[in-house]
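Novice: Numbering (our numbering), first residue to last: 1 to 569.
C-beta: ideal position from N, C-alpha, C; glycine also.
Can you keep this structure in mind? I'll have questions shortly.
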Amino acid sequence: MATRGWPGLGPVFAYEWLTASRRWQCYGLRSLLVLLLLFGLSAVWLGNRDGAGELSVQQMAEVGRAFYAVTTLILLGLVGLAAPAATAGAICLDKARGNLTLLLATDLTDAEIVLGKLAPRLVQVLGLIACAAPVLGLSTLLGGVAPAMTTGAILVCLACAVFGCTLALTLSVWGRKTHEVLLATYAFGVSWLLAAPIWAVLVSNLPTWARSAWLPNYLALLPYNPVFLVLAPLNAPAALGPVGLATQARFCALGLLTSALLAVAATWRIRAVVIRQAGRVEAIRRAARRGPLYRLVRLLPSPSLDGNPVLWREWHRRRPSRWSVAVWGLFGVLSSGFSLWAIVDTLDGAGPGGRERAGVIGGVQVAAGLLLLSVSAATSLAEERQRGSLDVLLSTPLSTRSIVLGKWWAAFRGVPPLAMWPVLIAGALATHTGFPLAPALIGGLVLAYGAAITSLGLALATWLPRMGQAIGLTAGLYIIVLIGAVPVGMNFFGASPKAAGAGFAAASPFWGVGFSSAMFGGAAGPRHDIEEQSAWLVLWILAYGLVAFGLMLATLKTFNRCLGRIDDT
């Protein structure tokens, strides 16, 4: 039994720490992060080599600044992804298994339980930052980057790591399922990142009479945006003033203070919430079946029971919870509002700037929607596997093919609605160039992205026994492609109009939808560039389609062996 002499630490911390230290995944993730950072350094270095011999001091400084930008974005993205994934299931999984109720019956205090589960998981995430710090410091050796810039970037990442872990753990106290907690946490993170640009656009478009003196200016939220804070030392807006270590340290202090308040709230409410939820599981299910949302969903068309029993079961069993409805409802309201604004503005004869903004709106909502989809892609199979209900399904005479396809279609059904607004935006933008294939290409690209993510999530849920690993790896690979495809394409294939960098970067959902839509509107290149970009989109549609098909075949081949089922005869 571990000592309880330290406040908040005790047997729970000792057990969680010992368990976490024996998992190879945390060490593998650290190695992967360092490998990605070194790959980013190589990409930046090769992209700036023009074959003219040795680089000048000015060119070396530009390489250092570019390497700083790429590595900080990679680190910030992976930390923002890994921090919530590390703690999202810390409380709700133990609630579902009944372990937490038994834990509350002991003489352990609430602080020992909450901090004992938070601290080991937080140390794992902080280990990522510790491993990345020396690599990030390499940018100072090339020039153009002061040590204070790397220190400030580490402080920003530290604040995001602590806040992400604490927020997910706090939501896990009230949440019942891991993927719902992750959805809510990622939705909050995306909303926070988009708050500054949304506020800037709204304030900039307000009429003069509506701009009150007390209203913050359009740059008011930028000092609280982590992406802006790590990149601002390179090129901050003149209207905002210099952004340095003091601003980044203030953001870190604010993040740590907010995290402490969240930890206090979780400690204060954990016992009451767990006891209340323990006796309300069946009551909540019965109330959900009688609710208006359930009756509304029943009116929608559903798959046939004879066609695919697994898909029919998934359609009727997995009703959206309140958390899922809230997250997807907020996403739907925001995407619909901004998409309608972009479409009306485009059809009203917007200039190149307005058409670029419309393309960005389409790209952002696809990138955010696919991130939420990546969390849900592995859930259907992994959740049943963890709870043991999958064994009942595997014991039926249903073929492996029908089970896998039913799970796949159930996860993929959220992709077509996600493609609706980007297709309409592309159609509106295409009216400026008369390019009729724009909506079909954008729609096919979004469907191809979604199919690949769905197949990836299903495959990882089959191959990995832990639900958290499957969800985290699915979302992590998506984030790597989302962020990494653009700098890789621009550095290896060139960023000039004649180069293939923009086409290769279409592997990223944000760039593929956003840049291509703007180009179809005539805001990013001449007519012959539109045809070249269209060829790249067709290539990526086929490539992602083949990836989805290949992962599906691999899942079918390994499903029985991984889950202990006898092969179909």
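Determine the extent of the alpha helix (DSSP H) in which Lys177 is found, giving its start and end residues.
Specialist: First-last for Lys177: undefined, no H or E at that position.
Novice: Taking buried to mean at least 16 other C-beta atoms within 10 Å of its own C-beta, is Trp540 buried or exposed?
Specialist: So Trp540 ends up on the buried side.
Novice: Got a sec, what are the start and stop residues for the alpha helix (DSSP H) Gly369 sits in?
Specialist: Unbroken alpha helix (DSSP H) run through Gly369: Pro352 to Ala377.
Novice: Just to check my reading of the structure: Glu358 and Ser517 have Cβ atoms closer than 8 Å, yes? What is that Cβ distance to the nearest angstrom?
Specialist: Glu is not the amino acid found at residue 358; the sequence shown has Ala there. At roughly 7 Å, the Cβ-Cβ gap stays under 8 Å, so Ala358 and Ser517 are in contact.
Novice: For my contact list, Phe412 and Leu372 are in at a C-beta cut-off of 8 Å; report their separation, rounded to the angstrom.
Specialist: With 8 Å as the limit, Phe412 and Leu372 do not qualify as a contact, their Cβ atoms being about 14 Å apart.
Novice: With a Cβ-Cβ cutoff of 8 Å, do Leu429 and Gly521 count as a contact?
Specialist: Taking 8 Å as the Cβ cut-off, Leu429 and Gly521 qualify as a contacting pair.
Novice: Looking at the structure shown, is Glu54 part of a helix, part of a strand, or coil, going by DSSP?
Specialist: Note: Glu54 maps to coil in three-state DSSP.
Novice: Report all residues from its chain with a CB closer than 7 Å to the CB of Tyr478; omit the five preceding and five following residues, and keep chain order.
Specialist: Excluding positions up to five away in sequence, the list reads Leu370, Leu371, Ser374 and Ile453.
Novice: What would DSSP say about Thr396, mapped onto helix, strand or coil?
Specialist: Coil.
Novice: Buried or exposed for Thr19, please, with buried defined as at least 16 other CB atoms from any protein chain shown within 10 angstroms of its CB.
Specialist: Thr19 is exposed by the Cβ-count criterion.
Novice: Quick check: the region 507-514 against the region 337-353, are at least 3 beta-carbon pairs closer than 8 Å?
Specialist: No, they do not touch.
Novice: Which class does Ala438 belong to by DSSP, given the choice of helix, strand or coil?
Specialist: Ala438 falls in the helix class under three-state DSSP.
Novice: Does the beta-carbon distance from Ala168 to Pro84 come in below 8 Å?
Specialist: Going by C-beta atoms, Ala168 is nearer than 8 Å to Pro84.
Novice: Any chance the CB of Ala14 is under 7 Å from a heavy atom of the ligand ATP?
Specialist: The model depicted lacks the ligand ATP and carries no ligand whatsoever.
Novice: When DSSP labels each residue in this structure, what does Thr106 get in the three-state scheme?
Specialist: If DSSP states are grouped into helix, strand and coil, Thr106 belongs with coil.
Novice: Check for me: the alpha helix (DSSP H) holding Arg97 runs from which residue to which?
Specialist: Start and end: Cys92 to Arg97.
Novice: Would you be able to state if there are at least three C-beta pairs under 8 Å between the region 446-465 and the region 544-563?
Specialist: With a cut-off of 8 Å, the region 446-465 and the region 544-563 count as touching, because enough Cβ pairs lie within range.
Novice: Measure the Cβ-Cβ separation of Met467 and Thr178 and say whether it is below 8 Å.
Specialist: Yes. Within cutoff.
Novice: Output the boundary residues of the alpha helix (DSSP H) element that contains Ser508.
Specialist: Counting along the chain, Ser508 falls outside any alpha helix (DSSP H), and DSSP gives it neither H nor E.
Novice: Enumerate in chain order the residues of its own chain whose CB-to-CB distance from Val360 is below 7 Å, with the five nearest sequence positions on each side excluded.
Specialist: Answer for Val360: Gly514, listed in chain order.
Novice: With a cut-off of 8 Å, do at least 3 Cβ pairs link the region 375-395 to the region 325-341?
Specialist: The region 375-395, when compared against the region 325-341, does not touch it at the 8 Å Cβ threshold.
Novice: Just tell me which of Ala451, Gly406 and Leu394 has its CA closest to the CA of Val415.
Specialist: With distances taken between Cα atoms, Val415 lies closest to Ala451.
Novice: Taking its Cβ as the centre, do 16 or more other Cβ atoms sit within 10 Å of Arg97, making it buried, or is it exposed?
Specialist: The residue is exposed, with fewer than 16 neighbouring Cβ atoms inside 10 Å.
Novice: Given 8 Å as the limit, is there contact between the region 180-194 and the region 130-141, that is, 3 or more CB pairs closer than that?
Specialist: Segments in contact, no.
Novice: Please state whether DSSP places Gly152 in a helix, a strand or coil.
Specialist: Of the three classes helix, strand and coil, the one that applies to Gly152 here is helix, per DSSP.
Novice: Between the region 92-109 and the region 59-75, do at least 3 Cβ pairs fall closer than 8 Å?
Specialist: They do not touch, by the three-pair rule.
Novice: So what's Val243 in DSSP terms, helix, strand or just coil?
Specialist: Coil, per DSSP.
Novice: Expressed to the nearest angstrom, what Euclidean distance is found between the alpha-carbon atoms of Asn560 and Leu405?
Specialist: Roughly 14 Å separates the two Cα atoms.
Novice: Work out the CA separation of Gly472 and Leu553 for me, nearest whole Å.
Specialist: Between Leu553 and Gly472, the C-alpha separation is close to 22 Å.
Novice: Within a Cβ cutoff of 8 Å, which residues of the same chain sit near Asp94, ignoring the five residues on either side of it in sequence?
Specialist: Within the same chain, Asp94 has close Cβ partners Leu100 and Leu103.
Novice: One question on the structure: do Val327 and Leu183 come within less than 8 Å of each other, judged by their Cβ atoms?
Specialist: A contact, by the Cβ cut-off of 8 Å.
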